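Quick note, the working numbering runs 81 ahead of the 1-based positions in the sequence shown.
Ideal Cβ placement from N, Cα and C applies to all residues, glycine included.
Just so we're clear, the structure is a prediction, and the values are computed from it rather than from any experiment.
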Amino acid sequence: MSASIRVTIWNEYRQDRDWPEILAVYPEGIHKVIGNALGAQEDIRVRYATLDDAEHGLTQAVLDDTDVLIWWGHIAHGEVSDHMVQRVCDRVTLEGMGVIFLHASHASKPFKKLCGTHSNRLKWREDGARERIWVIEPAHPIARGIPECIVLDQEEMYGEPFDIPAPDELVFLSWFKGGEVFRSGFVLRRGLGKCFYFRPGHESFPTYYNPHIQRVILNGVRYVNARDTLGEMPQVAFGHMETAPEP
Ligand code: ZN
Numbered sequence: 082m083s084a085s086i087r088v089t090i091w092n093e094y095r096q097d098r099d100w101p102e103i104l105a106v107y108p109e110g111i112h113k114v115i116g117n118a119l120g121a122q123e124d125i126r127v128r129y130a131t132l133d134d135a136e137h138g139l140t141q142a143v144l145d146d147t148d149v150l151i152w153w154g155h156i157a158h159g160e161v162s163d164h165m166v167q168r169v170c171d172r173v174t175l176e177g178m179g180v181i182f183l184h185a186s187h188a189s190k191p192f193k194k195l196c197g198t199h200s201n202r203l204k205w206r207e208d209g210a211r212e213r214i215w216v217i218e219p220a221h222p223i224a225r226g227i228p229e230c231i232v233l234d235q236e237e238m239y240g241e242p243f244d245i246p247a248p249d250e251l252v253f254l255s256w257f258k259g260g261e262v263f264r265s266g267f268v269l270r271r272g273l274g275k276c277f278y279f280r281p282g283h284e285s286f287p288t289y290y291n292p293h294i295q296r297v298i299l300n301g302v303r304y305v306n307a308r309d310t311l312g313e314m315p316q317v318a319f320g321h322m323e324t325a326p327e328p
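Shown next, in the form of structure tokens:
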């Protein structure tokens, strides 16, 4: 059996720690619900990191020991230090760490830096109405085991236009009860790494307990896994070349 996938789940951990109405939905924190689901897999090892930990829990040693980083942030994007953002992005682009950005992490510093866009703006409405997440690329590994449509009875609406670069792989498209649509799940390739963005997961709704949502995140972990990605590649060395290779 291949080595375990080393997953670090980073949570801003403010609303689900401090706001009673959110704590009621996620008593242990959003990161623990995601981590409990992933950790049930034999080949996945989960560790947690939060904004208020030293270095946001993302020391160089932790990142060096991470194949896939999962990111959930919402109200405190501005408190993430630029130094840490650079460290995360370097680990993705130069060393192939996979990264999964969830929900409001569309506006997080590392996602915006990896996107290369300025605003990442979208439309939103926190009305708790129905969302249908349609699989538009059924053969994609991230859609494995998922029905043609995931129905969430209560979610926040995110609507197009979404200011992102054209995705390299678009897997899910959401429909909302108001008629809006949204690119809900896609992959961007950045340097040696893969980034997967997945939309659902507003903190006041129990989205991360949904088994289909958990399965998408699991598939995402396996798809962006650094060791898989790099295992397919020739050895790459960046930097100055002393001598020219033989022609
Ligand atoms: Zn939200």
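Checklist line | Distance, Ile156 Cα to Ile103 Cα | finding: Between the alpha carbons of Ile103 and Ile156 lies a gap of roughly 13 Å.
Check: Any heavy atom of the ligand ZN closer than 8 Å to the CB of Glu207?
Finding: Taken from the Cβ of Glu207, at least one heavy atom of the ligand ZN lies inside 8 Å.
Note to self: Assess contact between the segment 232–250 and the segment 138–150, defined as three or more Cβ pairs (one per stretch) separated by less than 8 Å. Is contact present?
What the structure shows: Between the segment 232–250 and the segment 138–150 there are fewer than three inter-stretch CB-CB distances shorter than 8 Å, so the stretches are not counted as touching.
Item checked: Rounded distance between the beta-carbons of Leu195 and Phe279, thought under 8 Å -> In fact, because the Cβ distance is near 15 Å, the residues do not count as touching under 8 Å.
Margin query: Please report the straight-line C-alpha distance between Glu109 and Gly274, rounded to a whole angstrom.
Written below: Distance from the CA atom of Glu109 to the CA atom of Gly274, rounded to whole angstroms, is 30 Å.
Item checked: Closest Cα partner of Gln174 within the set Val297, Leu144, Ala220 -> Here residue 174 is Thr; the residue named in the question, Gln, does not match the sequence. Nearest C-alpha to Thr174: Leu144.
Notebook entry, point to check: In the structure shown, what three-state DSSP assignment does Asp249 receive?
Noted result: In the three-state reduction of the DSSP assignment, Asp249 falls in the coil class.
Notebook entry, point to check: Quick one, which of Leu233, Glu250, Ile231, Asn201 has its alpha-carbon nearest His221's?
Noted result: It is Glu250.
Check: Which residues count as close to the ligand ZN when the rule is a CB under 5 Å from any of its heavy atoms, in chain order?
Finding: Of all residues, those with a beta-carbon under 5 Å from at least one heavy atom of the ligand ZN are Ala185, Glu237, His283, reported in chain order.
Next item on the list: Helix, strand or coil for Met322, going by three-state DSSP, please let me know.
Entry: Here Met322 sits in coil by DSSP.
Margin query: As a quick exercise: from Val216, Asp99, Glu284, Phe277, pick the residue whose alpha carbon is nearest that of Trp256.
Written below: When only C-alpha atoms are compared, the closest one is Val216.
Check: Rounded to the nearest angstrom, how far is the Cβ of Leu203 from that of Val180, given a contact under 8 Å?
Finding: Contact between Leu203 and Val180 is ruled out by a C-beta separation of about 19 Å, above the 8 Å threshold.
Item checked: the segment 120–134 in contact with the segment 86–95 per 3-pair CB rule at 8 Å -> By the Cβ test, the segment 120–134 is in contact with the segment 86–95, since at least three Cβ pairs between them sit closer than 8 Å.
Notebook entry, point to check: CB Asp148 to CB Val88, shorter than 9 Å?
Noted result: A contact, by the Cβ cut-off of 9 Å.
Note to self: Can you tell me where the beta strand (DSSP E) holding Val149 begins and where it ends?
What the structure shows: Per DSSP, Val149 belongs to the beta strand (DSSP E) from 149–153.
Margin query: Please state the DSSP three-state secondary structure of Leu45.
Written below: No answer is possible for residue 45: the residues shown for the chain start at 82 and end at 328.
Next item on the list: Determine the burial state of Pro101: buried for a count of at least 16 other Cβ atoms within 10 Å of its Cβ, exposed for fewer.
Entry: With fewer than 16 other Cβ atoms within 10 Å, it is exposed.
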